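The structure appears below as structure tokens.
Residue numbers (the numbering used here), protein chains in the order written: chain P, 1 to 105; chain X, 1001 to 1574.
What follows is the structure, given as structure tokens:
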């Protein structure tokens, strides 16, 4: 099992439209700020199990855990620049993706 | 009128110079759409798992990327009709976000299609004789060709009939649908290589022997990616009647001996490198000698049938030069610059080849809006027999424009922000989508291209610098061809940050070379400074008529490394 260094959230792509989604408390969310945060390794394992369940249920694909930091408002923000891109949209087209209100930011 | 002419003439909006589907082609593509529709339905219903479905979607060009699905549409040998370009625009509006991205494989990518819409998109493409088959997967991919095919003055023969012949041979080839890795073929029929054939799995160069017969020089084992190699000649002169059998023999040797244990060592270039070209040539020749070649016997009638689709359009008899063009150039300096940079010589007197740059200063290389696609379609109908080409440099070509019409065309393009006069110059940058879209990318590439383009926004400075190929990839897979950029830029991850490795001396032509690393990686912010220092040094050192690559070859890599190090020591922000 990989070493647990940071809080984590579960990221996936929605099956029907491919949009980036995040596992929240009551299902998959399109806004990463509503993602459920794993603060311990066991919680991360539990998130992964839920991800596998929803892969099997054909809701999502390409599911993985991403390291985050927690802001003063309690919302998670990805640490790696790749996932930072995924929660917003293309940096060269600010009019597209979640950052433009297509899906939630 | 021949049967082919009749069939072409009967079609609405029929172009004069491209392959048209016959009943077999149309049925085949329609069946594939219906099949994929069924596969999507089974995926959505849960009858297929993602693991089961993934090979099917990839066989139909559908990827899952960073923000959404991505659909890669095949544009065989880069040739499009006006009708097809309009359909690409309509699809962008109806099912995507109003734009498309033209790629280095002469294809088009939509960045935002929904899985549920993809069968409808494919059906719409099939309606204009297009598809997305074999734009992904370990098969023979879209066959590319010189984008000046059929019109270049230096051409021995139009490579498109050969490319189409190969497309038909390789489409759903049962033996080669599950190769060790993907397989890319490029064809040129000219004295100058505009199709980068030496960095393809197979490169074909149409040549003429001493008897005046047409044949092919066959090159194998070129490629970019993580391990770049220049291809090696496996057949000096393969007669046309042997071409299919010879290629079949190469693919069989690759299929048999190519590595399947390690995807990073699975391309034919690794096989050629590890075995040596002599052993590969011997294996190919042995296979060629032993195989039942009757199956692949050349069918001259079929080749001629295909070639007839690429017959020259009905050109007018015109003077070699145009008084109208001369006058317009004198009157409008911006137009004169466009002509000097983006307009090339045509084999027919009075005509010209026009490169429409998809690299506006600060823009996204290769992107075109749906409105721009429609303008291009209109322009091709008004001024170019309804034909367009996509270049591997991610630009659009109008291959048959009367010199007399150039000013009117330029005015039309200018009004649509399509008249950037930078073809081949420092801001005509090849760039992959990078981490702005691609799930494989390790760094962004488009913002780097934009920053360099803005740094050299002074067009007169660009013209003084002259031809200079800058190519950027956002990962080691090298979709942005950085290895063969005179200045190549590779985006990597270093300690959790985007980092850019610069290479110098790459060349994609018949004098092909792989770029050499300049030094340690630099940050995104430093890249424009580094490029500017390199360009300034080149300008200071160049001799009369030398392009950047010539100066680099003459004075050597070390001198460029030195100047960069000195600049760094002097406190420059690099």
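We put the beta carbon where it would ideally sit given N, CA and C, even for glycine.
Owing to the predicted nature of the structure, the values given are computational and were not obtained by experimental measurement.
### Message
One question on the structure: do residue 1430(X) and residue 1448(X) come within less than 9 Å of each other, judged by their Cβ atoms?
### Response
no
### Contacting residues, own chain, Cβ-Cβ under 8 Å from residue 1572(X) (five flanking each side not counted)
Per-residue confidence for residue 1572(X) stands at a pLDDT of 43, beneath the threshold of 50, marking its modelled position as unreliable; the derived number appears in the next sentence. For residue 1572(X), where only same-chain residues beyond five positions count, the Cβ hits under 8 Å are 1529, 1533.
### Message
Using only the alpha-carbon positions, how far apart do residue 1174(X) and residue 1460(X) sit?
### Response
53 Å
### Query
What residues are listed by DSSP as bridge partners for residue 28(P)?
23(P)
### Message
Applying the 10 Å Cβ sphere with the 16-neighbour rule, what's the burial state of residue 74(P)?
### Response
exposed
### Query
Ordered along the chain, which non-local residues of its own chain (more than five positions away) have a Cβ less than 7 Å from that of residue 1542(X)?
1551
### Buried versus exposed, by CB contacts within 10 Å (16 or more), residue 88(P)
buried
### Task
Mind checking the segment 1092–1117 of chain X against chain P and listing, in chain order, the residues whose C-beta falls within less than 7 Å of any C-beta there?
1097, 1114, 1115, 1116
### Task
Can you give me the start and stop residues for the beta strand (DSSP E) that residue 1501(X) sits inside?
1497–1504
### Task
Kindly indicate if chain P contains any beta-carbon less than 9 Å away from that of residue 1530(X).
no
### Task
Measure the C-alpha to C-alpha separation of residue 1272(X) and residue 1074(X) and round it to an integer number of angstroms.
28 Å
### Task
Pull out every residue of the segment 26–41 of chain P whose Cβ sits closer than 7 Å to any Cβ of chain X, in chain order.
none
### Contact list for residue 64(P) against chain X, beta-carbon separation under 8 Å
Going along chain X, no residue has its Cβ under 8 Å from residue 64(P), so there is no contact; the nearest lies around 11 Å.
### Query
Is any beta-carbon of chain P found at less than 9 Å from that of residue 1490(X)?
no
### Query
Under a CB-based cut-off of 9 Å, is residue 1497(X) close to chain P?
yes
### Task
May I ask you to list, following chain order, the residues of the segment 1446–1459 of chain X that have a beta carbon less than 8 Å from some beta carbon of chain P?
1446, 1447, 1450
### Task
Assuming residue 1223(X) contacts residue 1267(X) (C-beta within less than 8 Å), just tell me the rounded distance between them.
6 Å
### Query
In terms of residues, what are the limits of the beta strand (DSSP E) holding residue 1236(X)?
1232–1239
### Query
When you compare each of 1082(X), 1393(X), 1450(X) to residue 1384(X) by their alpha carbons, which one comes out closest?
1082(X)
### Message
So residue 86(P) contacts chain X; which residues on that side make the cut at Cβ distance below 8 Å?
### Response
1066, 1067
### Message
By the three-class DSSP mapping on this structure, what secondary structure does residue 1063(X) have?
### Response
strand
### Task
Pull up the distance between the alpha-carbon of residue 1234(X) and that of residue 1249(X), whole angstroms please.
11 Å
### Task
Pick helix, strand or coil for residue 1466(X), following the three-state DSSP scheme.
coil
### Query
Is residue 1173(X) near the ligand MG, going by C-beta to nearest heavy atom under 8 Å?
This structure does not include the ligand MG; it has no bound ligands of any sort.
### Message
residue 1435(X) and residue 1066(X) - do their beta-carbons sit closer together than 9 Å?
### Response
yes
### Query
Going by the beta-carbon positions, is the gap between residue 1162(X) and residue 1108(X) smaller than 9 Å?
no
### Task
Determine the closest residue to residue 1153(X) out of 1207(X), 1190(X), 1365(X), 1498(X), with distance taken between C-alpha atoms.
1190(X)
### Task
Determine the DSSP secondary structure at residue 1158(X), reduced to helix, strand or coil.
coil
#### Entry: Contact under 9 Å by Cβ, residue 1428(X) with residue 1470(X)
yes
### Query
Distance, Cα to Cα, residue 1137(X) vs residue 1167(X)?
16 Å
### Query
Looking only at DSSP bridge pairs, what is residue 1210(X) linked to?
Paired residue(s): none; residue 1210(X) is not in a bridge.
### Query
Between residue 19(P) and chain X, is there a C-beta pair that is closer than 9 Å?
yes
### Query
Tell me the DSSP bridge mates of residue 1513(X)?
1507(X)
### Task
Pull up the distance between the alpha-carbon of residue 1288(X) and that of residue 1254(X), whole angstroms please.
13 Å
### Query
Got a sec? Which residues, its chain only, sit under 7 Å from residue 97(P) by beta carbon, not counting five neighbours each side?
88, 89, 90
### Query
Can you give the Cα-Cα distance for residue 1352(X) and residue 1507(X), rounded to whole angstroms?
26 Å
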